[in-house]
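See structure below.
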Amino acid sequence: MMKKILPYLIMATITALPITVRPNTSVGLQEFSAERGKNLWNQKHTISGQTRRCTSCHTGNPRQAGKHVRTGKMIKPMAPSVNSDRFVDHKKTAKWFKRNCKWTMGRECNEQEKGDLIRYLKSI
């Protein structure tokens, strides 16, 4: 019986842990910066002639709800200070970073950018 339950207990423990992103200096990353994250959050990108930025959907104030520009779907606030669900599920966080960075910047975010954005959003 314990052999059947043990994998589920391990997964429950792992998924309950908060995600902490730390720089890996062996690959040249810098200490994560809320200031760089804020700059990236507001940075303008032109993709296929369209201007995009994180604030296009998430608003300039991450404590407020946003709205997807194409679908009109409401987006819960990004700041963990008002939305405790942010950045607690690693798989979900990775999925949305991949999808949103590609749409906003035309490429995936690198680890430095992800860490900077999370540091910024956790700072407000």
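Residue 122 in the working numbering sits at position 123 of the sequence shown, and the numbers go up by one each step. Virtual Cβ for every residue (Gly too), placed ideally from N, Cα, C. Note that the structure is a prediction, hence the values are computed from the model and not measured.
Problem set entry | Start-to-end residues for the alpha helix (DSSP H) that takes in Thr70 | First-last for Thr70: undefined, no H or E at that position.
For this session: Let me know the secondary structure DSSP gives Thr24 once reduced to three states.
Result: Unreliable placement is indicated for Thr24, whose pLDDT of 46 sits below 50; the coordinate value is still reported in the next sentence. Three-state DSSP puts Thr24 in a helix.
Exercise. Which residues does DSSP pair with Thr45 in a beta bridge?
Worked result: Beta-bridge pairing by DSSP links Thr45 to Thr50.
Exercise. Out of curiosity, what's the CA-to-CA distance linking Lys113 and Lys37?
Worked result: Lys37 has its alpha-carbon roughly 12 Å from the corresponding atom of Lys113.
For this session: Give the secondary structure of Met30 by DSSP, where H, G and I count as helix, E and B as strand, and everything else as coil.
Result: It should be pointed out that residue 30 corresponds to Glu in this sequence rather than to Met. Glu30 falls in the coil class under three-state DSSP.
Exercise. Would you call the stretch 41 to 56 and the stretch 101 to 116 in contact, with 3 or more CB pairs under 8 Å?
Worked result: Yes: at least three Cβ pairs fall under 8 Å.
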